[in-house]
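One structure is given below, encoded as C-alpha cells.
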Amino acid sequence: MKPQALTSQTFNDAIAATDKPVLVDFWAEWCGPCRMLAPILDQIASEQGDRATIAKVDIDAHPELADRFGVRAIPTLIVFKNGQPVNVITGVRSKSFIESALAA
Numbered sequence: 001m002k003p004q005a006l007t008s009q010t011f012n013d014a015i016a017a018t019d020k021p022v023l024v025d026f027w028a029e030w031c032g033p034c035r036m037l038a039p040i041l042d043q044i045a046s047e048q049g050d051r052a053t054i055a056k057v058d059i060d061a062h063p064e065l066a067d068r069f070g071v072r073a074i075p076t077l078i079v080f081k082n083g084q085p086v087n088v089i090t091g092v093r094s095k096s097f098i099e100s101a102l103a104a
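Quick note on full-length UniProt numbering: the sequence shown kicks off at 1 and runs consecutively.
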C-alpha cells in the first residue's frame with residue numbers, strides 16, 4: 001500500500017473519517033530530503049496499512065494546507081488522531097522514530 005495523496009478537497013475527510021492515526025507528509029517534488037524519506041514512508045504504509053493511514057500533501061500544489069498547519073520546513077510529518085494534530089516531526093528521521101511517533 002502506498003501513501004495516499006491528499007488535496008485541499010480531501011484533507012479534512014481523510015484525517016477525520018477514521019479511528020486510526022493518520023501520518024501526513026508535507027513534501028515537494030524539488031525537496032531532496034523529501035525524496036530520501038519517501039521509501040521509508042512507503043514501507044511504513046505497506047506494513048501498517050491496517051493500523052494507520054499514511055498520506056502526503058504536495059505543498060506546491062496545496063500551499064494553504066501547509067499554511068494552515070504552520071509548515072515552514074519540509075519534510076514535515078504531522079500525526080493526527082481523531083482529526084487533531086498530536087505530533088510534529090521535521091526533517092528526515094529513521095523508520096523506527098517515525099513508527100514510535102505514530103504509535104504515541
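All residues carry an ideal CB built from backbone N, CA and C; glycine is no exception.
Quiz item: Roughly how many angstroms separate the alpha carbons of N82 and N12, rounded to a whole number?
Solution: 11 Å
Quiz item: When the Cα atoms are used, what is the spatial distance from R35 to E29?
Solution: 8 Å
Quiz item: Counting along the chain, where does the beta strand (DSSP E) carrying P85 start and finish?
Solution: 84 to 90
Self-check item: Paired residues, beta bridge with W27 - DSSP
Solution: D58
Exercise. Tell me whether Q4 sits in a helix, a strand or coil according to DSSP, three-state version.
Key: strand
Quiz item: Who are the near neighbours of V71 in its chain, counting only those whose CB is closer than 7 Å to its CB and skipping five residues on each side?
Solution: F26, I59
Quiz item: If you draw a straight line from the alpha carbon of Q90 to that of P33, how long is it in whole angstroms?
Solution: Checking the sequence shown, residue 90 turns out to be Thr, not Gln. Answer to the nearest angstrom: the Cα atoms are 11 Å apart.
Quiz prompt | Own chain, CB closer than 8 Å to Q4, minus 5 neighbours either side, in chain order | solution = A14, T53, I54, A55, K56
Self-check item: Unbroken alpha helix (DSSP H) run spanning I74, endpoints
Solution: Per DSSP, I74 belongs to no alpha helix (DSSP H) and is neither H nor E.
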